[in-house]
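Per this note's numbering, the very first residue in the sequence shown carries number 1; after that it's consecutive.
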Amino acid sequence: MAARETLENTRVVIADQPTTKEGADVRLGLDKLTAAMFSPLIGELFQLNTGTGRVVDVELTTVTSLNTASSAPSSLAKREPFSLIFRLPDKSYLPQRIYRLTHSKVGVLDVFLVPIGPDAKGMQLEAIFN
């Protein structure tokens with residue numbers, strides 16, 4: 001099954017170790033994520049679990065390819081590096097750490113997010129995938 005079909009037709013849980021079991025969530029390794037999977041989701045809300053029992057809606061605002069001449073994919077590269085930027089609904093601050101994000105089309109992702117500063121609408125958080 002192609003990764004795109006998996007994301008559209010199945011609840012997907014992103015984890016470090018891919019596993020599949022009959023009747024269980026499909027688990028993709030973080031190395032399977034690509035910018036192309038997230039680009040159609042720009043402007044959509046993800047639910048971010050703060051780890052304190054609070055869930056906050058964050059908007060995916062930017063998907064950026066990080067491929068440069070010096071980091072051109074080699075035959076050993078598993079994917080092109082990319083970044084995701086999410087925006088909190090206000091200028092509240094969350095420290096850098098791994099957060100659980102949930103989205104109806106992507107499923108559950110445990111992602112390391114780093115605050116990169118506010119824009120006019122709220123605090124921005126970035127995840128980088130190498």
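Each residue gets a CB set at the ideal place from its N, CA and C atoms; glycine is no exception.
Are the beta-carbon atoms of residue i and residue j separated by less than 9 Å?
| i | j | result |
| --- | --- | --- |
| Y99 | N49 | yes |
| A44 | L33 | Checking the displayed sequence, the identity of residue 44 turns out to be Glu instead of Ala. No. |
| P115 | L101 | no |
| R97 | L113 | yes |
| S104 | F82 | no |
Buried or exposed, going by whether 16 or more other CB atoms sit within 10 Å of the CB of residue i?
| i | result |
| --- | --- |
| R54 | exposed |
| A127 | buried |
| V106 | buried |
| Q124 | buried |
At the level of alpha carbons, what is the spacing between residue i and residue j?
| i | j | result |
| --- | --- | --- |
| K91 | D31 | 31 Å |
| A36 | T62 | 12 Å |
| Q47 | E80 | 26 Å |
| R11 | L84 | Residue placement at R11 is flagged as unreliable, the pLDDT there being 41, under the threshold of 50; a coordinate-derived value is accordingly withheld. |
| V56 | F129 | 22 Å |
| I42 | G51 | 24 Å |
| V58 | S39 | 15 Å |
Ordered along the chain, which non-local residues of its own chain (more than five positions away) have a Cβ less than 7 Å from that of residue i?
| i | result |
| --- | --- |
| G122 | R87, L88, P89, D90, K91 |
For the beta strand (DSSP E) containing residue i, name the first residue and the last one.
| i | result |
| --- | --- |
| A36 | Taken as a continuous stretch (DSSP letters only), A36 belongs to no beta strand (DSSP E), being part of the alpha helix (DSSP H) at 35-38. |
| L66 | Unbroken run through L66: none, as it is neither H nor E. |
| Q96 | Q96 -> no beta strand (DSSP E), and no H or E assigned at all. |
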